[in-house]
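One structure is given below, encoded as structure tokens.
Protein chains: 2
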Amino acid sequence: MNKRIQAGSGLAAAAAFHIEAVYPSVDDGRFPVKRIVGEPVEVWADIFRNGHEVTVAQLLWKRDGETEWRREPMRHDVNDRWTASFTPRDLGRHHYVVEAWTDEFGTWRRDFERKRDAGVDVSLDALEGASLLTKADAAKREAAAVIVQKCEDFLQNGDAEPLLSPELADAMAESQHRLGLTVSRSYPLVIDRPVARNGAWYEMIPRSQGTTPGQHGTFNDCIARIPEIAALGFDVVYLTPIHPIGTTNRKGRNNALVAAPDDPGSLYAIGSADGGHDAVHPELGTLDDFRNFVTVCKQHGMEVALDIAVQCSPDHPWLREHPEWFRKRPDGSMRFAENPPKKYEDIVNPDFDAPSAPALWDSLRDVILFWVAQGVRIFRIDNPHTKPFPFWEWLIAEVQARHPDTIFLAEAFTRPKLMKGLAKLGFTQSYTYFTWRTYKSEIEDYLRELTGYPERDYYRPNFFVNTPDILPYHLQGGEPWMFKSRVALAATLSSTYGIYNGFELLEHEPIPGKEEYINSEKYEIKVRDWNKPGHIKDYIRQLNEARRSNPALQQTEKLHFVAIEDPNVIGFLKESVDGSNVVAVAIALSADSHDVWFPIGDAEIGPSGSRRKIVAVENVTTGERYAVEWGGIRLWIDPHRDPAILLRCLA
Amino acid sequence: MNKRIQAGSGLAAAAAFHIEAVYPSVDDGRFPVKRIVGEPVEVWADIFRNGHEVTVAQLLWKRDGETEWRREPMRHDVNDRWTASFTPRDLGRHHYVVEAWTDEFGTWRRDFERKRDAGVDVSLDALEGASLLTKADAAKREAAAVIVQKCEDFLQNGDAEPLLSPELADAMAESQHRLGLTVSRSYPLVIDRPVARNGAWYEMIPRSQGTTPGQHGTFNDCIARIPEIAALGFDVVYLTPIHPIGTTNRKGRNNALVAAPDDPGSLYAIGSADGGHDAVHPELGTLDDFRNFVTVCKQHGMEVALDIAVQCSPDHPWLREHPEWFRKRPDGSMRFAENPPKKYEDIVNPDFDAPSAPALWDSLRDVILFWVAQGVRIFRIDNPHTKPFPFWEWLIAEVQARHPDTIFLAEAFTRPKLMKGLAKLGFTQSYTYFTWRTYKSEIEDYLRELTGYPERDYYRPNFFVNTPDILPYHLQGGEPWMFKSRVALAATLSSTYGIYNGFELLEHEPIPGKEEYINSEKYEIKVRDWNKPGHIKDYIRQLNEARRSNPALQQTEKLHFVAIEDPNVIGFLKESVDGSNVVAVAIALSADSHDVWFPIGDAEIGPSGSRRKIVAVENVTTGERYAVEWGGIRLWIDPHRDPAILLRCLA
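Chains A and B, in that order, give the protein sequences. Under the working numbering, the first residue of the first sequence is numbered 1036, with each subsequent residue one higher. Under the working numbering, the first residue of the second sequence is numbered 1036, with each subsequent residue one higher.
As structure tokens, this is what we get:
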């Protein structure tokens, strides 16, 4: 009959069941949901058919490439909504599907019992039940034996009791024809490592990690800094590009059009006679030195993230080896990167529309695979929003199919839907607008957006307080309380956050009138005193310690804002995935002292099924305990001492 | 490259653009949206690609079966959201699609102007623009001529001005290659007649339209009642089944298991030696009489709706002609309809799972087509929720492909998702829970659900105050104010509503303890005095007149509840589709007098773009005018006089 329907008027294949509103899903399964390995994935669906027959529903799931589906029985919750869950134990792409069919034997059994209990003659009904047994097609010997035995028992004495046995119900459930079998579309799911969701990032520019002014930093200089960064509690050390830098049209300090002879050039003018995206800048050291850096990071419990920018200096080897990947102008000259009327003459972009683009795609994938082979598993992708969508979807799938532990961070600061679109395509994490969100209401609104469904299921925020490109206005005063407030917000609102080196030293000199650093190390070598007086390293270390000891802070979506009357104090509760840890946070957004009422007493916490009200809190930093009375707790916040209060909640 | 991607890892074909969140759509285009002929269909979509190129988007639409798509340019609204609209002039199934591509020439032109305005040398850019002209593939001669001419003008004197002309922009817009062309899925849309959304229904049982007690009513008796029903302002006369009634196991009065010799049997035990679903019960008259009835209704500006119940009496001709459509029991006896432990021995259901079901489907479709041939275009389908979903989707599409003016009303009183599921499958209108919703909050909640998106786009409610099966408790007291309140609620909240005959006479005798009529004419012949003292026909006529003269009441979704403090007065505004007519309604839900403040003064009304506050109201019934002062108006409602006040709003 399906054929008839399709022939009829182009209708979609009609199904006996409607399977609707499948949760979780992103654009009805066009893009994958993201989850963490070892955590249950709860699936819900509306499932119904006509009439009053008994429905069976199952959740099927498998890892990409597996041939066998695993099956979980779905349970009817209420109002035709069904649920089941499964717990992936492997990384990588998975799929799930909902199936429903009619339980003919179960329907017979239910109706038989209703009639029998009402005193109706059921002798014909018993015969009908037995005839269902004869139609079963038992794949398993045990089921077949049960069915035959119960059928014989019934026929021998005409007593229907054997037909109602639970064993027979089970045997028939797995053996009978699945009448009206309806299969949902397949929903993709990507399973990542915990660090995909939870990590403190430290961004550093290797050229500036040296100790001698004017001298180019090396990987060994970077290695020397690792113990300290690890001691501060960071999880990821993220390096800006480490590749050879071109000399043609090299940019000078502060992005000057002409470079002085000893200017090192822009980090993002990638490629020279020394190599391209799969080489290291000779002044940083060798590939062995880099591998050594990766190893030392690992020894200190940290991972390395590499910055990948799909762009070339005019001296990149690809321009000679693959001129067909680049566009020329009508006079035969190079087509430089531009954002009209601005031109970037130290950079050329490969042409993704070129006929030879497939080979370009392969080479870019091989760049990633090259660094994977050097031990890197986290890639921060520069400006992904200027490259085609199909490329990213393909690249990330290609790499993760081979190395499902790979993580991609999208560095896109652009229009909101474009940023979300990139996350849907497969980016594991995304940059955010947090860097510019300062008012309580805008922070709350933005977090509600990020933690709402379906955003929370595909967009994993990474809150950076600053970046080499962004020195936000609110940091330009250099006030310690503001730096502390911002890093506390980032570290507690989002389970993944980052600082760009220099933040801990309160660096804050802008290009006048702009949200950019003056004398940026993007174009020059800096040497810093990492223990410069006034630094806030201890503060950051405390925050990272609080994050490590509180699973509530290791996830972003279980977030609940608490109404605090003071418009310059933001308050919220965070709860761990399993409900066992809850942290209440209050952070000042202005420099004055705040005396606030924090009404957390009505919130219920704890594992589902045994949730209770908060009765006491324990200061995460000091260990002091306070009772929650009259529905809340009074807080005194002096931002100059500490703008943030973190309280572990006790029920 | 698409091939590469699909080969890669089973990803969906990647596209240059994301086209997301297409509005309106039901389950992302699996089911059709419903709209009314001649009204604009506004479509919205999120459309974006990587980078900063100029995007072109178009909305394509056509009627089912047409080969050419019509195209409407889409306009960027804000934040990557685009919109366009079209106005279908034909009934039936339509489709729409969103297309987006990159405007290469437009991008060039924009960038050229930016650079030129910034004083950059643009001589190479001009050449690049000209080279785009040579790649254009002009289908239209005029466009080709413009492109050639402008190219020559440019080459002759090297002045770029000709390349920037609007005519060339137009010629290139239609001629250039559509780079990155991305096409959304096709979204179905059903265009119906206005009566699909707006109509007052009068349900009557033909056997009871006679004037001599004990004598079976006829079509001619029905005809005699038409002038009065038309004068009351009804739009649709709906007849319960008119087919021959079986005699085997015929039910007696009040659903008795044994019928007395002169009992006429249940209207729903369809089929006898006199014929089945395509015959009329001989006691009602002939098929000619029925056609005459249809004609007279038309002459009075009314349509006829027929009740179609897919079930048979044991005497239905199909049981002899097509025994393969019916299930037998193991002893060869008939399998009667049942809802265990209840049995319906005057009815057998055809078996939709039978191997011969395709022929059954065809015959049921032919039943509908038979009545279409007799002039009927509205079918009220009895108990559709007990027949397979694929059948309804197929049947409705089959009939509407031939007769797109056909309307199907789903008489399903069952679980909410199942009712919505039937509406999605194609039912033009649906019964609702209104019949049992009496409290202000539950009425408001239910209307918010029905008028929310996407429900409002596929589920058209038909609010019945009573039915032959339902005498709700709140009517069993027989209080006139309650009957008036209920019919006023139905007639103003929903643009389609209905009464079952006898309501106007305040009939209210139940089977004790049940919400059912005692001595129901489903099982016997009634003769009524249609002018019985105490009738509320004038009241109903006034309501129907208000509906006819106020387009605001001819649609359901533009509804806005107004906060009235009195918990027993419900207040709301309704606005016509074009915004030209607004009616404020207040209805008492309890018998006591109400003195309420109706705060309508802040609502803005009128066509979009020139909306203004309400300054005065005019009583729809009396024509009296009142100024709206202090943000509202004070109402005095005496339910015993009239529980409802309808006010036309003036801005």
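Don't be surprised by glycine CBs; every beta carbon is placed ideally from N, CA and C. Fair warning: this is a prediction, and the values are worked out from it, not measured in the lab.
Pick from the options that is closest to residue i, judged by C-alpha positions
{"i": "A:SER1120", "options": "A:LEU1126, A:HIS1130, A:GLY1127, A:PRO1108", "result": "A:PRO1108"}
{"i": "A:LEU1341", "options": "A:VAL1329, A:GLY1461, A:ARG1437, A:GLU1542", "result": "A:VAL1329"}
{"i": "B:ILE1343", "options": "B:PHE1469, B:ASN1497, B:TRP1671, B:ALA1447", "result": "B:ALA1447"}
{"i": "B:PHE1414", "options": "B:LYS1572, B:ALA1445, B:VAL1618", "result": "B:ALA1445"}
{"i": "A:ARG1228", "options": "A:THR1656, A:GLN1435, A:ASN1654, A:THR1527", "result": "A:GLN1435"}
{"i": "B:GLU1202", "options": "B:GLY1141, B:THR1246, B:ASP1564, B:GLN1334", "result": "B:GLY1141"}
{"i": "A:GLY1100", "options": "A:ASP1188, A:ILE1277, A:GLY1127", "result": "A:GLY1127"}
{"i": "B:LEU1608", "options": "B:ALA1638, B:VAL1663, B:SER1584", "result": "B:ALA1638"}
C-beta contact flag for residue i and residue j at 9 Å
{"i": "B:VAL1272", "j": "B:MET1337", "result": "yes"}
{"i": "A:ASN1255", "j": "A:GLY1320", "result": "yes"}
{"i": "A:MET1517", "j": "A:ALA1621", "result": "no"}
{"i": "B:ASP1115", "j": "A:ARG1065", "result": "no"}
{"i": "B:ARG1646", "j": "B:ALA1686", "result": "yes"}
{"i": "B:SER1243", "j": "B:THR1283", "result": "no"}
{"i": "B:GLN1691", "j": "B:GLU1550", "result": "Residue 1691 of chain B is absent from the model: chain B starts at 1036 and stops at 1686."}
{"i": "B:VAL1652", "j": "B:ILE1575", "result": "no"}
{"i": "B:ILE1054", "j": "B:THR1169", "result": "no"}
{"i": "B:LEU1322", "j": "B:VAL1331", "result": "no"}
{"i": "B:PRO1439", "j": "B:ASP1062", "result": "no"}
{"i": "B:TRP1117", "j": "B:ASP1081", "result": "yes"}
{"i": "B:TYR1303", "j": "B:ILE1416", "result": "no"}
{"i": "B:GLU1539", "j": "B:HIS1570", "result": "yes"}
{"i": "B:PRO1507", "j": "B:THR1470", "result": "yes"}
{"i": "B:SER1465", "j": "B:ASN1501", "result": "no"}
{"i": "A:GLY1636", "j": "A:ILE1668", "result": "yes"}
{"i": "A:SER1530", "j": "A:GLN1589", "result": "yes"}
{"i": "A:LEU1485", "j": "A:THR1591", "result": "yes"}
{"i": "B:PRO1075", "j": "B:VAL1068", "result": "no"}
Residue i - DSSP class collapsed to helix/strand/coil
{"i": "B:VAL1407", "result": "helix"}
{"i": "A:TRP1136", "result": "strand"}
{"i": "B:GLN1511", "result": "coil"}
{"i": "A:HIS1420", "result": "helix"}
{"i": "B:ILE1264", "result": "helix"}
{"i": "A:ARG1495", "result": "coil"}
{"i": "B:ARG1326", "result": "helix"}
{"i": "B:ASP1573", "result": "helix"}
{"i": "A:ILE1182", "result": "helix"}
{"i": "B:PRO1678", "result": "coil"}
{"i": "B:HIS1374", "result": "In the sequence as displayed, the identity of residue 1374 of chain B is Asn instead of His. If DSSP states are grouped into helix, strand and coil, B:ASN1374 belongs with the strands."}
{"i": "A:ARG1683", "result": "strand"}
{"i": "B:VAL1500", "result": "coil"}
{"i": "A:ASN1654", "result": "strand"}
Whole-Å CB distance - residue i paired with residue j, under 8 Å assumed
{"i": "B:MET1207", "j": "B:ILE1182", "result": "7 Å"}
{"i": "A:PRO1423", "j": "A:PHE1462", "result": "Not a contact, Cβ separation roughly 14 Å."}
{"i": "A:ASN1579", "j": "A:LEU1267", "result": "6 Å"}
{"i": "A:ALA1056", "j": "A:GLY1215", "result": "About 20 Å; that fails the 8 Å criterion."}
{"i": "B:LEU1482", "j": "B:LEU1594", "result": "6 Å"}
Quick check: the stretch 1352–1363 of chain A against the stretch 1383–1399 of chain A, are there 3 or more CB pairs under 8 Å? yes
Between the stretch 1531–1542 of chain A and the stretch 1223–1242 of chain A, can you find at least three pairs of beta-carbon atoms closer than 8 Å? yes
Under 8 Å, with one C-beta from each stretch per pair, do the stretch 1630–1644 of chain A and the stretch 1598–1607 of chain A reach the 3-pair mark? yes
Take every Cβ of the stretch 1286–1294 of chain B, pair it with every Cβ of the stretch 1546–1562 of chain B, and state whether three or more of those distances are shorter than 8 Å. yes
Are the stretch 1468–1483 of chain A and the stretch 1160–1177 of chain A touching by the rule of at least three beta carbon pairs closer than 8 Å? no
For the 8 Å Cβ check, are there 3 or more pairs between the stretch 1129–1147 of chain A and the stretch 1086–1094 of chain A? yes
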